[in-house]
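*Asks:* Numbering (the working numbering), first residue to last: -11 to 258. Here a beta-carbon is modelled for each residue, glycine too, at the ideal position from N, C-alpha and C. Structure provided below as structure tokens; questions to follow.
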Ligand SMILES: Nc1ncnc2c1ncn2[C@@H]1O[C@H](COP(=O)(O)OP(=O)(O)OP(=O)(O)O)[C@@H](O)[C@H]1O
Ligand SMILES: [Mg+2]
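So this is what it looks like as structure tokens:
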């Protein structure tokens, strides 16, 4: 079953006297809910996710998962990174089995691994090594490893960005379905507005310099969601407009003298 997440006035500086990358970020996510986070490149999305995972300690404020303050990673809170992070010397099956072994879920391990590989479309690649797979296939192995342990929380950092459009859509639906079936709380960072609207109950738009919560959009559409539906299109327009407002505000903040640390400005919606 999923766990609630409370983000309370989170602030993070990478160096003591540096401008904060994230400032005063507060948000609550109920158990079993899904939140997507969008925002310009460099606004602090991955940093925020690392703090939720207990991989980075905030400079101020705190994260609580199921009312417990997060100080370090926990096996029931599963993070999937922008790159797949597989062990190259282990086979695909062994990589998927790792999470189950770490969490002591070794009963029926072989069958579970086979089921997860089937779900991500890699049933016939169990014996392969990661370097024998494409980037997208490696990402699917990492996804199978994350989902196999039925975690309380899954934190996904652009998990589908290396996949072809067809596989991406299929996995977005599959992960959403698995999260609902098991009541998993999902936090997804993405640059893809349709992905956010397909997968999330709420979408947070972040501003940058420093990274703050600019707006929160409720997506009250039934699952599975169809991007061709008029209600979906209306929400896409709304989200695009909020995103562009946030980018304009970011530029205004930068022009007022707060330093921008990279030159990027546009997040693709594709
Ligand atoms: N270890 C670090 N030390 C110093 N600064 C860092 C470090 N990691 C990230 N940053 C800076 O913090 C800011 C936020 O980085 P982060 O990776 O969280 O952005 P992001 O929103 O995930 O970007 P993207 O969409 O490109 O993945 C960036 O300006 C980045 O340069
Ligand atoms: Mg990132």
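#1: Just the Cα atoms here: how many angstroms apart are residue 54 and residue 143?
#2: Measuring CB to CB, does residue 223 end up less than 8 Å from residue 185?
#3: Quick one: residues with CB closer than 7 Å to any heavy atom of ligand 2, in chain order, please.
#4: Do you know whose CA, among 182, 236, 199, lies nearest residue 217's CA?
#5: Report yes if the C-beta of residue 148 is less than 7 Å from at least one heavy atom of ligand 3; otherwise report no.
#6: Taking its Cβ as the centre, do 16 or more other Cβ atoms sit within 10 Å of residue 204, making it buried, or is it exposed?
#7: Under a three-way DSSP split, which group does residue 13 fall into?
#8: Going straight from the alpha carbon of residue 199 to that of residue 80, what length do you get?
#9: So the candidates are -3, 94, 151; which of them puts its Cα closest to the Cα of residue 128?
#10: May I have the straight-line CA-CA distance separating residue 134 from residue -7, to the nearest angstrom?
#11: Measuring straight from C-alpha to C-alpha, what distance separates residue 27 and residue 219?
#12: Using alpha carbons as the reference points, say which of 236, 159, 141, 235 lies closest to residue 21.
#13: With a CB to CB cut of under 6 Å and the five nearest residues on each side skipped, what residues in its chain are close to residue 208?
#14: Below 8 Å on the Cβ atoms is my guess for residue 19 versus residue -10; work out the distance and round it to an integer in Å.
#15: Count Cβ pairs between the segment 48 to 65 and the segment 95 to 109 that sit closer than 8 Å; are there 3 or more?
#16: Does residue 39 come out as helix, strand or coil in the three-state DSSP assignment?
#17: Return the residue from the list 10, 156, 46 that minimises the CA-CA distance to residue 123.
#18: Give the range of the beta strand (DSSP E) segment to which residue 0 is assigned.
#19: Check the C-beta distance from residue 137 over to residue 66 and give it rounded, since I have them as a contact under 8 Å.
#20: With a 10 Å radius around its C-beta and 16 neighbouring C-beta atoms as the bar for buried, classify residue 263 as buried or exposed.
#21: State the DSSP-derived secondary structure class of residue 229, mapped to helix, strand or coil.
#22: What distance in whole Å lies between the Cβ atoms of residue 13 and residue -5, which are believed to be in contact at a cut-off of 8 Å?
#23: Using the three-state DSSP reduction, which class does residue 54 fall into: helix, strand or coil?
#24: In terms of residue numbering, what span does the alpha helix (DSSP H) encompassing residue 83 cover?
#25: Quick one: complete alpha helix (DSSP H) runs, 4+ long, within the segment 96 to 183?
#26: What whole-angstrom Cβ distance do residue -1 and residue 49 have, given they're in contact under 8 Å?
#27: Give the secondary structure of residue 201 by DSSP, where H, G and I count as helix, E and B as strand, and everything else as coil.
#28: Measure the C-alpha to C-alpha separation of residue 9 and residue 44 and round it to an integer number of angstroms.
*Replies:* Taking the coordinates as given:
#1: Between residue 54 and residue 143, the C-alpha separation is close to 15 Å.
#2: It is a contact, given that the beta carbons lie within the stated cut-off.
#3: The set, ordered by position in the chain, is 33, 34, 70, 145, 146, 177.
#4: Among 182, 236, 199, the Cα nearest to that of residue 217 is on 182.
#5: Ligands in the displayed structure: ligand 1 and ligand 2; ligand 3 is not one of them.
#6: Exposed, because fewer than 16 other Cβ atoms sit within 10 Å of the Cβ of residue 204.
#7: Correct three-state label for residue 13: strand.
#8: Answer to the nearest angstrom: the Cα atoms are 37 Å apart.
#9: When the alpha-carbon of residue 128 is set against those of -3, 94, 151, the nearest one is in 151.
#10: Computed Cα separation, rounded: 19 Å.
#11: Their backbone Cα atoms lie some 22 Å apart in a straight line.
#12: Of the residues 236, 159, 141, 235, the one whose Cα lies closest to the Cα of residue 21 is 141.
#13: Nothing listed; no residue qualifies.
#14: About 4 Å; that satisfies the 8 Å criterion.
#15: Segments in contact, no.
#16: Of the three classes helix, strand and coil, the one that applies to residue 39 here is helix, per DSSP.
#17: The alpha carbon of residue 123 has as its nearest neighbour, out of 10, 156, 46, the alpha carbon of 156.
#18: Membership of residue 0 in the beta strand (DSSP E) is indicated by the continuous run -7 to 0.
#19: Residue 137 to residue 66, Cβ: 7 Å. Contact.
#20: Because residue 263 is not part of the residues shown, which for the chain are -11 to 258, the question remains open.
#21: It is helical.
#22: Yes, residue -5 and residue 13 are in contact; Cβ-Cβ is about 6 Å, under 8 Å.
#23: Looking at residue 54 - three-state DSSP - the assignment turns out to be coil, as it is neither helix nor strand.
#24: First-last of the alpha helix (DSSP H) with residue 83: 80 to 90.
#25: Counting only runs of 4+ residues, the alpha helix (DSSP H) found wholly inside the segment 96 to 183 occupies 97 to 107, 123 to 136, 153 to 170, in chain order.
#26: Contact between residue -1 and residue 49 is confirmed by a C-beta separation of about 5 Å, below the 8 Å threshold.
#27: Secondary structure of residue 201 (DSSP, three-state): strand.
#28: Distance between residue 9 and residue 44, taken at the CA atoms: about 13 Å.
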